[in-house]
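S.K.:
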Amino acid sequence: MDIRLGGRTAVVTGGSRGLGLAMATRLAASGADVAILARRPDVLDEAKAAIAATAGGRVEAVACDVSKADDVQRAFDAVMARLGRIDIVVNNAGTSRTGPFEEVTDAIWQADLDLKLFAAIRLTRLAWPQMKARGWGRVINILNTGAKAPRAGSAPTTISRAAGMALTKVLAGEGAPHGILVNALLVGLIVTDQVRNWHRTRGGNRTLEEFIAETGKPVPLGRMGTAEEFANVACFLASDAAGYVTGTAINVDGGTSPVV
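When you line the sequence shown up against my numbering, it's residues 30 to 289, in that order.
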């Protein structure tokens with residue numbers, strides 16, 4: 030499917046690496062102007078150059094810690110000053126943090142909620158009025174399959190992500206009368222920088238390729254997914270081709286989740 034996003038502007042948090050970079054690259058290649066937000070300016074510069082190599086529109090990078098309200102406001106203002114509008118918000122920032130419940134302190138809970146839930150709330154709330162005014166908008170919340178099927182020892186991440194799924198449904202209902210579609214994508218086993226980090230700590234004598242192949246064997250499709258495959262689904266949801274899809278939480282996990 031040839032998806033064209035010319036005339037649209039997207040913001041992707043956590044856009045300098047992994048799934049965020051893949052989604053930003055795919056959106057830009059489809060013609061959207063794209064702004065990526067992340068904390069490290071040096072990594073952002075590299076990502077911006079990589080995205081621009083295949084972009085059909087403008088690419089901007091804004092250093093931002095989305096767990097901080099003032100940073101989110103500043104980044105939003107910067108994107109508006111440079112690109113003039115925001116049509117698509119991809120709330121992607123966040124890493125997995127888990128542990129036994131009794132060891133998760135208040136500080137850890139608050140930091141996880143600030144990064145994974147409040148960041149999405151704050152950025153979406155800032156972009157929402159202009160989407161309503163234009164009668165068109167897309168919000169895509171990147172969660173994980175634990176939001177639907179949390180396992181023991183998965184706090185605080187799965188709980189923050191479950192709250193993100195509830196946020197998705199609430200916003201979908203409020204946005205629908207105004208042409209704003211809100212969906213979530215739930216991450217399964219995808220080959221990203223995080224998997225390469227796992228290989229360094231758990232890979233033993235296996236090559237990265239061997240580690241990826243073995244890790245993917247339990248997946249019903251028999252392999253791990255690619256960041257590009259994940260990005261293709263996000264690009265579809267951001268487009269007019271998905272004009273009747275809202276309020277969903279789609280598993281992008283090769284069939285692993287026990288919950289549809």
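Yeah, the Cβ is synthetic: ideal placement off N, Cα and C, and Gly gets one too.
Does the beta-carbon distance from Thr42 to Val95 come in below 9 Å?
M.R.: As a working mapping, residue 42 is identified with position 13 in the sequence shown. As a working mapping, residue 95 is identified with position 66 in the sequence shown. Yes.
S.K.: Within a Cβ cutoff of 6 Å, which residues of the same chain sit near Gly85, ignoring the five residues on either side of it in sequence?
M.R.: Against the sequence shown, residue 85 aligns to sequence position 56. Cβ within range, chain order: Gly60.
S.K.: Quick check: the Cα distance between Ala162 and Thr236, rounded to an integer number of angstroms?
M.R.: Counting from 1 along the sequence shown, the entry for residue 162 is found at position 133. Counting from 1 along the sequence shown, the entry for residue 236 is found at position 207. Each residue's Cα considered, the two are about 52 Å apart.
S.K.: So Gly245 and Leu218 are supposed to be a Cβ contact under 8 Å. How far apart are they, rounded?
M.R.: Here residue 245 refers to the residue found at position 216 when the sequence shown is read from its first residue. Here residue 218 refers to the residue found at position 189 when the sequence shown is read from its first residue. About 6 Å separates the two Cβ atoms, so the contact holds.
S.K.: Compare the C-beta of Arg103 with all C-beta atoms of chain B and state if any pair is closer than 9 Å.
M.R.: The structure shown contains no chain B; it is built from a single protein chain.
S.K.: By DSSP, does Ala195 sit in helix, in strand, or in coil?
M.R.: Here residue 195 is taken as the residue at index 166 of the sequence shown, counted from 1. Here Ala195 sits in helix by DSSP.
S.K.: Who are the Cβ neighbours of Leu155 in its own chain at under 6 Å, not counting the five residues just before and after it?
M.R.: For the purposes of this step, residue 155 is taken as residue 126 along the sequence shown, with counting starting at 1. Exclusion of the five residues before and after Leu155 leaves Phe105 as the residues of its chain whose Cβ lies within less than 6 Å of its Cβ.
S.K.: May I ask you to list the residues that DSSP assigns as paired with Pro158?
M.R.: Start at 1 with the first residue of the sequence shown, and residue 158 comes out as number 129. Paired residues: none, contrary to the question.
S.K.: For the segment 115 to 193, which segments carrying the alpha helix (DSSP H) assignment without a break, of at least 4 residues, lie completely within its bounds, in sequence order?
M.R.: Entirely contained in the segment 115 to 193, the alpha helix (DSSP H) runs reaching 4 residues are, in chain order, 135 to 142, 148 to 163.
S.K.: Taking only runs of the beta strand (DSSP E) that begin and end inside the segment 219 to 289, which ones reach a length of at least 3 residues, in chain order?
M.R.: Qualifying beta strand (DSSP E) stretches, in chain order: 278 to 281.
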